[in-house]
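Data block below; observations after.
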Amino acid sequence: MSVYPWQGELWQRLTAERERLPHALLLHGPAGIGKRALALELARWLLCQTPTPAGGCGECPSCQWFAQGGHPDFRLIEPAAEAEGAEEGKKGGKRISVDQVREVVEFLTLSAHQGGWRVVVLQPAEALGVAAANALLKTLEEPPPRTVFLLVSHQPRRLLPTILSRCRKLPVASPEPAAALAWLRAQAVDAPEVLLAEAGGAPLLALDYAEPERLARRQRFIEGLLDAEREDLSALAGEYQQRVAEAWGWLVRWLCDLSLCQTTGQVRYFADHAQALRKLAQRIDAGRLWAVYRQVMDDGRWLQHPLNGQLLLESWLIRYAELGARR
Ligand SMILES: [Zn+2]
3 MSVYPWQGEL WQRLTAERER LPHALLLHGP AGIGKRALAL ELARWLLCQT PTPAGGCGEC
63 PSCQWFAQGG HPDFRLIEPA AEAEGAEEGK KGGKRISVDQ VREVVEFLTL SAHQGGWRVV
123 VLQPAEALGV AAANALLKTL EEPPPRTVFL LVSHQPRRLL PTILSRCRKL PVASPEPAAA
183 LAWLRAQAVD APEVLLAEAG GAPLLALDYA EPERLARRQR FIEGLLDAER EDLSALAGEY
243 QQRVAEAWGW LVRWLCDLSL CQTTGQVRYF ADHAQALRKL AQRIDAGRLW AVYRQVMDDG
303 RWLQHPLNGQ LLLESWLIRY AELGARR
């Protein structure tokens, strides 16, 4: 385990001096860029008995406990099944419970097992509800000596001010595209440019997107968009009824690319279909395209509601097909 290549500089800054690390640090930035991994490596390094400049040594008893997930002076708090870059639509709604927080507060009243540091990684911090956050406040403000809280957040604006005010905020930036692409190529990802664009520059998210089943779903959906007039749109919406958010994301990006084709001749997201997009864009009225794009974007707010997703998706597809999109 070590930090991602694009985090090297940040890592050096953070680890310049162990004793001067703030007792509560909030690592915030876009999802899918490796904040969770950074927090975990910081934790491992703090707990390591013979730390190196690059992180935990990987060999001392402390690092071995850490690797086995059983370090007595470490706690990782996250909602069940939460992992950075988790698939769209599967996260959200998952909460860190009051009981999870109470367990950590209790754990910190005991003295450190190894007589050194104790580290709590809590992610994502926006999964703390009001009650869970309140249960944490006092300990977060005045933790025992040599205790470090590492909070990770993709959406710091959603955090309670009482939590925010108790943390030192550390922005974690997306990597430069070249660094992200080099890393994705090293993971044997095909066409990394396309996936990185779709992931908004977040390489770990792009790696998730490279999963073969997802690529197949994406391809199938795009084929539907390319031939929308002949496609059975109700059936297409039915195929994606469990993944409306995912399909919505593709449709919005597709409409964005069509609009970009009309104004600049460029595509941002579907470089693998640039030619087809340009052809389509020539046949579509710009004003009507813009109206549909706006509508579908606005309707994104319904994705969190328990509406009939299939009907919603079908209504967007019908409006799109009415633009006269035909291969
Ligand atoms: Zn070690």
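Take 3 as the starting number for the sequence shown in the working numbering and just add one per residue.
From the three backbone atoms N, C-alpha and C, an ideal C-beta is built for every residue, glycine too.
Residue i versus residue j: straight-line alpha-carbon distance, rounded
i: THR54; j: ALA39; result: 17 angstroms
i: LEU166; j: ARG22; result: 20 angstroms
i: THR265; j: ILE224; result: 22 angstroms
i: ASN136; j: PRO163; result: 11 angstroms
i: GLU19; j: LEU262; result: 48 angstroms
i: ALA129; j: TYR211; result: 23 angstroms
i: SER155; j: LEU319; result: 34 angstroms
i: PRO205; j: LEU16; result: 22 angstroms
i: ARG187; j: ALA180; result: 11 angstroms
i: ARG255; j: ALA69; result: 40 angstroms
i: PRO25; j: GLY118; result: According to the sequence provided, residue 25 is His. The question's Pro does not apply to it. Spanning the two alpha carbons is a distance of roughly 14 angstroms.
i: GLN9; j: TRP185; result: 12 angstroms
i: VAL5; j: TRP13; result: 8 angstroms
i: PRO145; j: ALA45; result: 16 angstroms
Bounding residues of the beta strand (DSSP E) (the contiguous stretch that carries residue i)
i: ALA26; result: 26-30
i: PRO173; result: 170-173
Best match in the options for proximity to residue i [C-alpha to C-alpha]
i: ALA33; options: LEU279, LEU209 and GLU231; result: LEU209
i: LEU172; options: LEU227, LEU325 and GLN157; result: GLN157
i: LEU49; options: LEU139, HIS115 and GLN125; result: HIS115
i: ASP229; options: LEU110, GLY131 and ALA323; result: ALA323
i: ASN310; options: TRP252, VAL246, ASP274 and ALA288; result: VAL246
i: GLN125; options: ALA175, ALA82 and TRP304; result: ALA82
i: ALA175; options: LEU325, LEU29 and GLY326; result: LEU29
i: LEU152; options: ASP192, GLU43 and GLN66; result: GLU43
i: GLU231; options: GLU11, LEU325, LEU139 and ALA56; result: LEU325
i: LEU78; options: ALA127, TRP304, LEU305 and LEU227; result: ALA127
Where the alpha helix (DSSP H) through residue i begins and ends
i: VAL5; result: Neither: VAL5 is in no alpha helix (DSSP H) and is coded neither H nor E.
i: GLU324; result: Element bounds for GLU324: n/a, residue is neither H nor E.
i: LEU279; result: 276-285
i: ALA180; result: 179-188
Handout entry: Three or more C-beta pairs below 8 angstroms linking the stretch 195-205 and the stretch 67-77
Key = Because the criterion of three Cβ pairs below 8 angstroms is not met, the stretch 195-205 and the stretch 67-77 do not touch.
Exercise for the section: May I have a chain-ordered list of the beta strand (DSSP E) segments no shorter than 3 residues that lie completely inside the stretch 79-154? Expected result: 120-124
Exercise for the section: Report yes or no: do the stretch 286-299 and the stretch 222-241 share at least 3 C-beta pairs separated by less than 8 angstroms? Expected result: no
Practice task
Please list the segments of the alpha helix (DSSP H) lying wholly inside the stretch 190-258, counting only runs of 4 or more residues, in order along the chain.
Solution key: 194-200, 205-211, 214-228 and 235-241
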